[in-house]
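Residue numbers (the numbering used here): 201 to 273.
From the three backbone atoms N, C-alpha and C, an ideal C-beta is built for every residue, glycine too.
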């Protein structure tokens, strides 16, 4: 492994997709809105730097938690 992290986080409600966040190689990150209503939230979240918080979760919090629980196995 080269140490790079890729991942995604998805949000939904009432069984429907709403927004997803994609973290790709080379630091690329983006929100994808499922519909016009989600587009409003996507725009707001980009303005409020929500992507940085989700990126931190996917790069640090989630892998650290996985390593912890793998150690219990």
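- Distance from the CA of residue 245 to the CA of residue 232, rounded to the nearest whole angstrom, comes to 11 Å.
- Taking a C-beta distance under 8 Å as the contact criterion, residue 205 and residue 266 do not qualify as a contact pair.
- Assignment of residue 222 by DSSP, reduced to helix, strand and coil, places it in the strand class.
- The C-alpha of residue 241 is placed about 39 Å away from the C-alpha of residue 273.
- Secondary structure of residue 261 (DSSP, three-state): helix.
- For residue 251, the enclosing alpha helix (DSSP H) covers residues 250-256.
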